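Protein chains in written order, with the numbering used here: chain A, 4 to 252; chain B, 182 to 426. Here a beta-carbon is modelled for each residue, glycine too, at the ideal position from N, C-alpha and C. Every value quoted in this text rests on a predicted model; they were computed, and no experiment measured them. Remarks on the structure that follows.
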Amino acid sequence: MSDAGAERADALSVSIRSKIYGAGGPEPVEAVRDLSFVIRRSEIACLIGPSGAGKTTTLRILLGLDDAYDGAVTPDPREAGIAMVFQEPRLLPWRSVEQNVRLGLPRSDRGRDLDALFESLGLTPWRGRYPGKLSLGMARRVALARALALRPRILVLDEPFVSLDDRAAASLREIVVATVAREGMSVLMVTHNVAEAIEIADRLLLVSARPASLLAAVALDRPRSERDRSWAEAMRDDLANRFPGVIAA
Amino acid sequence: MGVATRLVSVLVLLAAWQAAATLAESRLLPAPLAILDFIVKESATGDLWRNVGITLTRVAVSFFFAMGLGVLLGIALGRWKAFNLVLDTPLLILLNTPALVITVLAYIWVGLNEGAAVLAVVLNKLPNVAVIVREGARGLDPGLEEMARSYRFDRRTWIAHVLVPQLQPFVVAAARSGLSLAWKIVLVIELLGRPNGVGFAINFYFVQSLNVAAIIGYSVVFMSVMIAIDILILQRLEAHVRRWR
Numbered sequence: 004m005s006d007a008g009a010e011r012a013d014a015l016s017v018s019i020r021s022k023i024y025g026a027g028g029p030e031p032v033e034a035v036r037d038l039s040f041v042i043r044r045s046e047i048a049c050l051i052g053p054s055g056a057g058k059t060t061t062l063r064i065l066l067g068l069d070d071a072y073d074g075a076v077t078p079d080p081r082e083a084g085i086a087m088v089f090q091e092p093r094l095l096p097w098r099s100v101e102q103n104v105r106l107g108l109p110r111s112d113r114g115r116d117l118d119a120l121f122e123s124l125g126l127t128p129w130r131g132r133y134p135g136k137l138s139l140g141m142a143r144r145v146a147l148a149r150a151l152a153l154r155p156r157i158l159v160l161d162e163p164f165v166s167l168d169d170r171a172a173a174s175l176r177e178i179v180v181a182t183v184a185r186e187g188m189s190v191l192m193v194t195h196n197v198a199e200a201i202e203i204a205d206r207l208l209l210v211s212a213r214p215a216s217l218l219a220a221v222a223l224d225r226p227r228s229e230r231d232r233s234w235a236e237a238m239r240d241d242l243a244n245r246f247p248g249v250i251a252a
Numbered sequence: 182m183g184v185a186t187r188l189v190s191v192l193v194l195l196a197a198w199q200a201a202a203t204l205a206e207s208r209l210l211p212a213p214l215a216i217l218d219f220i221v222k223e224s225a226t227g228d229l230w231r232n233v234g235i236t237l238t239r240v241a242v243s244f245f246f247a248m249g250l251g252v253l254l255g256i257a258l259g260r261w262k263a264f265n266l267v268l269d270t271p272l273l274i275l276l277n278t279p280a281l282v283i284t285v286l287a288y289i290w291v292g293l294n295e296g297a298a299v300l301a302v303v304l305n306k307l308p309n310v311a312v313i314v315r316e317g318a319r320g321l322d323p324g325l326e327e328m329a330r331s332y333r334f335d336r337r338t339w340i341a342h343v344l345v346p347q348l349q350p351f352v353v354a355a356a357r358s359g360l361s362l363a364w365k366i367v368l369v370i371e372l373l374g375r376p377n378g379v380g381f382a383i384n385f386y387f388v389q390s391l392n393v394a395a396i397i398g399y400s401v402v403f404m405s406v407m408i409a410i411d412i413l414i415l416q417r418l419e420a421h422v423r424r425w426r
């Protein structure tokens with residue numbers, strides 16, 4: 004296999020034929036049907052779909068938190084090197100910022116030098132603080148630090164910029180893009196915000212309303228700097244025309 | 182300011198009591214100074230501190246067992262619905278059985294010994310602890326559970342950093358309410374069937390001589406010890422577990 008081929012190899016392959024909540028009960032709800040996609044090495048893929056489409060369900064499956072579905076995730080989520088940043092930061096409020104990051108690591112790795120990581124995320128002054136003292140933007144950075152400390156092959160972000168003011172969102176976006184470029188990991192970001200996805204993604208995975216199924220995978224060309232505002236707007240309008248239920252104009 | 186107000190309120194109470202006792206001139210209403218006099222004399226003989234020590238030991242031993250078992254039971258009840266369904270009604274019955282009944286039955290079935298005394302306190306206190314801790318175990322944050330699973334927290338890490346911190350406020354609340362309950366029950370248990378301890382001494386002075394100064398004297402000393410434990414140990418523990426808030 005050539006180098007280029009290796010670079011394009013898939014980091015994770017997700018194939019969900021069906022996921023039903025309350026199967027066998029009085030009111031079963033099918034959350035996902037025929038949702039298959041891959042995450043390639045060193046790409047930023049964005050899963051986009053309307054709220055309540057089953058995106059979170061899909062994430063839980065690919066994280067290995069939900070086994071009760073028909074389909075397969077390869078490699079096994081427990082061995083795929085996935086690290087997750089949840090939408091709510093889900094930090095331990097009774098532990099300091101630093102402890103939160105270290106506790107995400109395997110026991111043998113907790114003493115590791117993390118100075119560079121804290122520094123790169125602008126968290127150095129906050130290391131000793133409790134999460135309750137942080138703004139949401141800062142707390143998300145801590146959650147990101149916890150995921151990055153694991154040196155994952157795949158970083159999964161669930162609506163990482165939602166509920167942040169523009170400045171905090173922009174600064175977190177810069178951090179994510181810079182880190183991914185530096186570390187060369189794959190990213191799967193879940194969002195309902197197309198503009199945001201177009202800004203940072205290499206590929207968009209468009210998902211229908213419940214039950215979630217894959218409508219289209221749209222590749223966005225590199226380099227990223229060529230994507231100016233008018234290009235992004237044209238892209239968004241085009242997607243909105245082609246997938247009216249998924250993307251609001 | 183707060184301390185001064187509290188002090189004034191206690192002093193006014195004591196002065197009113199002293200005045201009423203002086204007016205009544207009855208041995209059924211001894212003055213505070215008469216009680217102090219008894220405490221000093223009973224201390225000198227060593228009886229007071231021996232009885233207080235014995236009662237404290239009983240409180241400590243039964244408190245330890247009731248807390249330990251109650252916390253484990255509470256966690257299990259909160260985490261496993263089926264287990265809770267099985268034990269919920271027995272727990273409710275135990276919760277509503279008078280302390281006196283449990284104590285008398287323990288003495289009848291186990292015998293008039295220390296084991297029965299401790300068992301009686303534990304059975305009285307255990308349901309309270311279990312019910313309080315059960316609430317804590319039910320309220321565990323599902324988001325943190327999911328985080329811990331996705332980050333593959335090992336069991337020790339999960340217990341120390343996810344489970345225990347969430348249960349701590351409930352355990353401390355159970356300890357505080359449990360301690361005040363336990364020592365009151367211990368006195369009844371001593372009164373009914375032990376040959377020593379504060380409960381025994383109070384019963385002795387009641388039956389033998391109707392010595393009200395002695396009865397109040399013993400009560401005041403033991404209450405002071407328990408309040409000191411609450412303020413010096415439990416309240417500080419509570420402040421410690423809430424420090425991150």
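*For residue 165 of chain A, which three-state DSSP category applies?*
coil
*Along the segment 310-333 of chain B, what residues have a CB closer than 7 Å to any CB found in chain A?*
324, 325, 327, 328, 330, 331, 332
*Going by the beta-carbon positions, is the gap between residue 348 of chain B and residue 288 of chain B smaller than 8 Å?*
no
_C-beta contact flag for residue 305 of chain B and residue 220 of chain B at 8 Å_ = no
*Inter-residue Cα distance where the pair is residue 89 of chain A and residue 118 of chain A*: 23 Å
*asked:* According to DSSP, simplified to helix, strand and coil, what is residue 40 of chain A?
replied: strand
_Could you tell me the alpha carbon to alpha carbon distance between residue 205 of chain A and residue 222 of chain A, rounded to whole angstroms?_
6 Å
*Give me the Cα-Cα distance between residue 185 of chain A and residue 248 of chain B, rounded to the nearest whole angstrom.*
52 Å
*asked:* For the segment 177-191 of chain A, list every residue whose C-beta sits within 7 Å of some C-beta in chain B, in sequence order.
replied: none
*DSSP state of residue 278 of chain B mapped onto helix, strand, coil*: coil
*Does any CB atom of chain B fall closer than 8 Å to the CB of residue 97 of chain A?*
yes
_Under 7 Å from the C-beta of residue 238 of chain A: neighbouring residues of chain B_ = In chain order: nothing, as chain B lies at least about 32 Å away.
*Taking DSSP as the reference, what is the three-state secondary structure of residue 73 of chain A?*
strand
*What separation, rounded to the nearest whole angstrom, lies between the Cα atoms of residue 10 of chain A and residue 193 of chain A?*
Residue confidence for residue 10 of chain A is low, a pLDDT of 46 falling below 50, so the modelled location carries little weight and cannot support an answer.
*Between A/152, A/44, A/182, A/47, which lies nearest to residue 101 of chain A when the distance is taken from Cα to Cα?*
A/152
*Return the residue from the list A/237, A/195, A/207, A/200 that minimises the CA-CA distance to residue 53 of chain A.*
A/195
*Take every Cβ of the segment 31-42 of chain A, pair it with every Cβ of the segment 208-218 of chain A, and state whether three or more of those distances are shorter than 8 Å.*
yes
*Taking 8 Å as the CB-CB limit, is residue 425 of chain B close to chain A?*
yes
*For residue 252 of chain A, which residues from the same chain have a beta carbon less than 7 Å from its beta carbon, with the 5 sequence-adjacent residues on both sides left out?*
Low confidence applies here, because residue 252 of chain A scores a pLDDT of 48, under 50, leaving its location unreliable; read the following figure in that light. Hits under 7 Å: 240, 243.
*Counting only the same chain and skipping the five closest in sequence on each side, list residues whose C-beta sits under 7 Å from that of residue 396 of chain B.*
383, 386, 387
_Partners in chain B for residue 93 of chain A, counting only beta-carbon separations shorter than 7 Å_ = 324, 325, 328
_Given this structure, state the Cα-to-Cα distance separating residue 290 of chain B from residue 24 of chain A, to the nearest angstrom._
52 Å
*Can you name, in chain order, every residue of its own chain whose Cβ lies under 8 Å from the Cβ of residue 168 of chain A, other than the five neighbours on each side?*
140
*Where residue 24 of chain A sits in the DSSP three-state scheme*: strand
_Spatial distance of residue 92 of chain A from residue 172 of chain A (CA atoms)_ = 14 Å
*Which chain B residues sit within Cβ distance under 9 Å of residue 133 of chain A?*
424, 425, 426
*Could you name the residues of the same chain whose beta carbon sits closer than 7 Å to that of residue 185 of chain B, not counting the 5 residues immediately before and after it, in chain order?*
none
*asked:* When you compare the CB of residue 346 of chain B with every CB in chain A, is at least one pair closer than 8 Å?
replied: yes
*Nearest to residue 80 of chain A (by Cα), restricted to the options A/94, A/95, A/73, A/62*: A/62
*asked:* Using CA atoms only, rank isn't needed, just tell me which of A/149, A/36, A/32, A/13 is closest to residue 123 of chain A.
replied: A/149
_Cβ pair residue 198 of chain A, residue 56 of chain A closer than 8 Å_ = no
*asked:* If you reduce the DSSP assignment to three classes, tell me which class residue 207 of chain B lands in.
replied: coil
*Please decide whether residue 353 of chain B counts as near chain A, where near means a Cβ-Cβ distance under 8 Å.*
no
*Along chain A, which residues have their Cβ under 8 Å away from the Cβ of residue 421 of chain B?*
Those do not exist, as residue 421 of chain B stays about 11 Å from chain A at its closest Cβ, beyond 8 Å.
*Would you tell me roughly how many angstroms separate the C-alpha atoms of residue 321 of chain B and residue 58 of chain A, rounded to the nearest one?*
24 Å
*Closer than 8 Å, CB to CB, is residue 107 of chain A near chain B or not?*
yes
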